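Have a look at the structure below, then the notes.
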Amino acid sequence: MIARMARGALAGTVATAAMSGLMLAGARAGLMREQPPKRVVRALLPGHRHRPKPGERGLGTLAHFAFGAASGALFGLLVGDRRPRVPIGVAYALAIWVSGYQGWIPELKIMPPISRDLPGRRAVMGAAHVVYGTALVLALNRISPEPRRGLPPSPPPSDRALTPAGAAGRAR
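Under the UniProt record's numbering, think of the first position of the sequence shown as 1, with each following residue one higher.
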């Protein structure tokens, strides 16, 4: 269980890096004024929730990667030893987006819900979560051991002498 969660956390970190690249590109293209993780951290830090605070950019990045790693760890636990396909990862990531940006984030008055958000940010964040889900599955499948299929592997050669077939083979 711990190994699955660790692999998921690593895959979640890789996936967060991929989605962050798209988010930065969206901001540079003028589709988003501010990065949502920074706005979330700003609202949660002491002081006025809508005024910039020292360190919010770095804390926003750290919080985003921590959330991405934790979400990846949960995904690793949920999929277990199965090798998930990309649509499962995308659905998982979109569920995270909707539950946060249509749920607790607007509930805490940090940002408007997806349905009332700026069209550019809505498009970038939707696409970024598709990237996260895709990268999460690809990274997790890359670092996970191959699942065993069919019969268990043969015992090592040194153990064969202890099996009936090995003993019979030596008696000849």
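Just so it is clear, CB atoms sit at the ideal spot from N, CA and C, and this is done for glycine as well. Because the structure is a prediction, the values reported are computed rather than measured.
Residue i to residue j, Cα distance in whole Å?
{"i": "Leu140", "j": "Phe75", "result": "9 Å"}
{"i": "Ala43", "j": "Glu107", "result": "12 Å"}
{"i": "residue 242", "j": "Pro54", "result": "Nothing about residue 242 can be read from this structure; the chain reaches only from 1 to 172."}
{"i": "Val124", "j": "Val130", "result": "10 Å"}
{"i": "Leu138", "j": "Tyr132", "result": "10 Å"}
{"i": "Arg39", "j": "Asp117", "result": "14 Å"}
{"i": "Arg85", "j": "Thr61", "result": "28 Å"}
{"i": "Leu94", "j": "Gly47", "result": "31 Å"}
{"i": "Gly80", "j": "Arg51", "result": "43 Å"}
{"i": "Ser99", "j": "Tyr92", "result": "11 Å"}
{"i": "Leu10", "j": "Pro119", "result": "31 Å"}
{"i": "Met1", "j": "Arg82", "result": "13 Å"}
{"i": "Val14", "j": "Ser144", "result": "14 Å"}
{"i": "Val41", "j": "Arg28", "result": "21 Å"}
{"i": "Leu45", "j": "Leu136", "result": "29 Å"}
Given a cut-off of 9 Å on the beta-carbon distance, is the pair residue i and residue j in contact?
{"i": "Pro36", "j": "Met23", "result": "yes"}
{"i": "Arg142", "j": "Met32", "result": "no"}
{"i": "Thr16", "j": "Gly89", "result": "no"}
{"i": "Ala127", "j": "Gly21", "result": "no"}
{"i": "Gln102", "j": "Ile110", "result": "no"}
{"i": "Arg4", "j": "Leu77", "result": "yes"}
{"i": "Ala73", "j": "Ala6", "result": "yes"}
Between the options, which has its C-alpha nearest residue i's C-alpha?
{"i": "His64", "options": "Gly80, Ile96 and Arg85", "result": "Ile96"}
{"i": "Gly8", "options": "Val41, Ala69, Ala25 and Met32", "result": "Ala69"}
{"i": "Glu34", "options": "Arg57, Arg82, Ser144 and Arg83", "result": "Arg57"}
{"i": "Arg49", "options": "Pro119, Ile105 and Leu136", "result": "Ile105"}
Any Cβ of chain B within less than 9 Å of the Cβ of residue i?
{"i": "Leu31", "result": "Within the model displayed, chain B is absent; a lone protein chain is all it includes."}
Below 8 Å on the Cβ atoms is my guess for residue i versus residue j; work out the distance and round it to an integer in Å.
{"i": "Gly30", "j": "Ser71", "result": "Incorrect: roughly 28 Å between the Cβ atoms, too far for contact."}
Is any non-hydrogen atom of the ligand GDP found closer than 8 Å to the C-beta of residue i, if you look at the structure I gave you?
{"i": "Ala15", "result": "The model on display carries no ligand, and the ligand GDP is accordingly not part of it."}
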